[in-house]
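Counting from 570, one number per residue, gives the positions in the sequence shown under my numbering.
See below for the structure under consideration.
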Amino acid sequence: LDAGSRADLKALPAEEGFACLEVSIQEYLDSLEIRIRREDPHHHRIQHLVKDAVTRLWPHCLLEVTGSWAAGLALPQSTLDLLVSLPLLDLRRHSEGNTENGLLTPIHEDGIEEAETEQLDFRPDAGPPSEQLSAQLAQESWVDPETLRVSSVGTITVLSFTTLPEDVADRPRKVEIQLEDSNRTAYRTETMIATFLSTFPQAKPLTLILKQWLAERNYGTPQSGGLCSYALFLMVVGILQQQQFDTIAAALLGFLSCFGKHFDPREHGLSTARGPWLQRRSPQSWPPPRPEYLEQGLCATLSEFSFLSRKVAVTGQEAHRFDPLWVEDPQNPANNVGRNCFRVRQIQRSFAQAADALTAASATAWSLSSILGSGHDALKETYREDE
């Protein structure tokens with residue numbers, strides 16, 4: 570943390586206030602764990618239904634949970650992310666509009682094809698796999714066909730939809746299915762997140778609390794200028810890389826104070842791979858990625874990191890100068906995961922207000938209830954239901 574953030578923490582009546590806030594945080598996390606477990610049967614059912622639909626198209630495909638639910642960073646209302654791995658298929662050719670079938674070339678020996686096309690899952694004449702899957706899901710009784718959407722980012726194709734409730738007591742659930750790209754980006758990102766969570770134990774509870782806080786204020790949707798979950802997680806890790814905290818309560822106040830009162834997104838960006846603050850206009854000051862991250866494969870290659878530095882140095886332009894917030898993706902340094910957060914100044918003001926709200930009461934009254942509304946109400950409801 571910078572000097573201002575450290576001064577903010579030192580000015581607080583730490584012992585009693587942090588102790589009360591820590592108890593409140595633990596109660597919230599305990600209730601959240603109960604609510605997450607209640608989602609398990611619904612998610613298992615959705616996975617089974619998706620697997621059944623997908624294997625009717627591609628019998629040898631693999632389906633696995635990814636994203637926040639796989640990492641343990643999900644809220645009860647979080648989207649269920651699923652990854653479909655298609656064998657013998659190069660999705661890049663389809664994302665670039667190539668009309669080739671994308672299959673591995675059959676081996677010809679003495680006029681005999683060793684790999685018969687009809688034995689493969691993918692049928693090129695049926696269109697891109699995203700279109701095939703979308704058409705298949707539109708016929709399923711448990712899918713709301715009006716919510717089906719297909720989007721692409723580079724080589725990654727994502728199909729999203731909402732499920733229809735099983736009964737009056739059930740609720741719709743959002744699902745996103747990612748068709749795996751050939752670079753295994755999702756797998757590498759999951760490995761990196763798991764390593765960060767292991768290295769920084771406070772990252773998980775801090776991320777969960779802040780995700781709920783963002784969701785209650787409609788700040789957690791990048792499509793409306795909010796902060797995406799991946800960017801939030803990297804910001805949390807950035808704080809923990811720079812400063813050690815004795816408690817989750819201290820880490821929460823440190824985060825809110827740093828990003829709410831002292832961080833200037835016009836001057837600096839954040840990089841967990843390099844460490845963590847980068848001056849936008851001074852690429853010569855950017856350190857290389859940490860050697861241990863390179864050795865463990867937790868970030869992109871050294872050449873990929875140096876490319877952006879050289880580009881900024883040559884052009885004289887600041888990095889991502891038109892983006893309101895710069896949060897570098899360790900897996901792809903050219904990708905700014907904060908580029909859509911055009912409400913960053915509004916979010917920062919709310920961070921600062923939340924830090925003040927947590928410490929406004931007497932030390933014995935510090936509680937998450939001062940910043941969490943529906944999340945804290947759900948905590949009380951959870952305990953009532955379990956009595």
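All C-beta atoms, glycine included, are put in the ideal place defined by N, C-alpha and C.
Only a predicted model underlies this, so the values are computations on that prediction, with no experimental measurement involved.
From the options, pick the residue whose C-alpha is nearest to that of residue i; which is it?
{"i": "Pro-734", "options": "Ser-710, Phe-769 and Arg-890", "result": "Ser-710"}
{"i": "Leu-894", "options": "His-612, Val-906 and Asp-713", "result": "Val-906"}
{"i": "Gln-853", "options": "Leu-941, Gly-696, Ser-875 and Cys-868", "result": "Ser-875"}
{"i": "Ile-605", "options": "Leu-626, Thr-624 and Ala-640", "result": "Ala-640"}
{"i": "Arg-908", "options": "Leu-839, Thr-716, Tyr-756 and Leu-927", "result": "Leu-839"}
{"i": "Cys-868", "options": "Gln-900, Thr-841 and Glu-785", "result": "Gln-900"}
{"i": "Gln-646", "options": "Arg-859, Phe-920 and Thr-731", "result": "Thr-731"}
{"i": "Phe-920", "options": "Trp-935, Thr-841, Arg-850 and Leu-825", "result": "Leu-825"}
{"i": "Val-712", "options": "Gly-789, Ser-729, Glu-633 and Ala-818", "result": "Ser-729"}
{"i": "His-612", "options": "Asp-599, Ala-707, Gly-696 and Asp-739", "result": "Asp-739"}
{"i": "Thr-841", "options": "Gln-917, Thr-764 and Ser-793", "result": "Thr-764"}
{"i": "Ala-800", "options": "Leu-779, Glu-836 and His-831", "result": "Leu-779"}
{"i": "Val-727", "options": "Phe-769, Asp-650, Thr-768 and Asn-787", "result": "Asp-650"}
{"i": "Pro-770", "options": "Arg-742, Asp-892, Ala-820 and Thr-760", "result": "Ala-820"}
{"i": "Pro-856", "options": "Arg-850, Pro-845, Gly-866 and His-837", "result": "Pro-845"}
{"i": "Leu-632", "options": "Cys-589, Ala-755 and Glu-591", "result": "Ala-755"}
{"i": "Trp-627", "options": "Leu-590, Thr-790, Val-634 and Ser-699", "result": "Ser-699"}
{"i": "Leu-618", "options": "Leu-706, Phe-802 and Ala-924", "result": "Leu-706"}
{"i": "Asp-892", "options": "Gly-795, Ala-924, Phe-802 and Gln-616", "result": "Gly-795"}
What does DSSP give as the partner residue(s) for residue i in the beta ladder?
{"i": "Glu-897", "result": "Asn-905"}
{"i": "Gln-853", "result": "DSSP output for Gln-853 lists no bridge partner at all."}
{"i": "Glu-633", "result": "Leu-652"}
{"i": "Leu-847", "result": "Gly-838"}
{"i": "Arg-712", "result": "The identity of residue 712 in the sequence shown is Val, whereas the question assumes Arg. Val-712 pairs with Thr-732."}
{"i": "Ser-721", "result": "Thr-726"}
Residue i and residue j look like a contact to me (Cβ under 8 Å); what is the Cβ gap, rounded to whole Å?
{"i": "Cys-630", "j": "Leu-655", "result": "5 Å"}
{"i": "Pro-829", "j": "Gln-812", "result": "First, the residue type needs correcting, since residue 829 is Gly and not Pro in the sequence shown. Actually they are not in contact, since the Cβ atoms of Gly-829 and Gln-812 sit about 15 Å apart, beyond 8 Å."}
{"i": "Leu-775", "j": "Val-744", "result": "So it is not a contact: roughly 27 Å between Cβ atoms."}
{"i": "Ile-940", "j": "Ala-926", "result": "5 Å"}
Could you give the distance in angstroms between the alpha-carbon of residue i and the alpha-carbon of residue j?
{"i": "Leu-644", "j": "Gln-848", "result": "33 Å"}
{"i": "Lys-620", "j": "Pro-902", "result": "34 Å"}
{"i": "Ser-720", "j": "Val-913", "result": "25 Å"}
{"i": "Ala-934", "j": "Gln-595", "result": "15 Å"}
{"i": "Gly-666", "j": "Arg-718", "result": "Residue confidence for Gly-666 is low, a pLDDT of 46 falling below 50, so the modelled location carries little weight; the figure read from the coordinates is stated next. Cα to Cα, the separation comes out at about 19 Å."}
{"i": "Glu-678", "j": "Pro-858", "result": "The pLDDT assigned to Glu-678 is 42, lower than 50, so where the model puts this residue is not dependable, and the model offers no usable value."}
{"i": "Pro-714", "j": "Ser-703", "result": "9 Å"}
{"i": "Tyr-862", "j": "Phe-587", "result": "33 Å"}
{"i": "Glu-873", "j": "Asp-609", "result": "39 Å"}
{"i": "Glu-585", "j": "Ile-808", "result": "23 Å"}
{"i": "Thr-668", "j": "Pro-697", "result": "Confidence in Thr-668 is poor, its pLDDT being 41 and thus under 50, which makes the residue's placement unreliable; the coordinate value appears in the next sentence. When rounded, the distance between both Cα atoms is 9 Å."}
{"i": "Pro-870", "j": "His-837", "result": "Note on identity: in this sequence residue 870 is Thr, with Pro being the wrong assignment. C-alpha separation (whole angstroms): 23 Å."}
{"i": "Ser-938", "j": "Val-623", "result": "43 Å"}
{"i": "Thr-635", "j": "Ser-931", "result": "42 Å"}
{"i": "Gly-789", "j": "Leu-783", "result": "5 Å"}
{"i": "Ile-603", "j": "Gln-781", "result": "15 Å"}
Return no unless some Cβ of chain D is closer than 7 Å to the Cβ of residue i.
{"i": "Gln-917", "result": "No chain D appears in the structure shown, which is made up of a single protein chain."}
Point to revise | Complete runs of the beta strand (DSSP E) confined to the region 730–811 [at least 3 residues] | key: Counting whole runs of 3 or more residues, the region 730–811 contains the beta strand (DSSP E) stretches 743–748.
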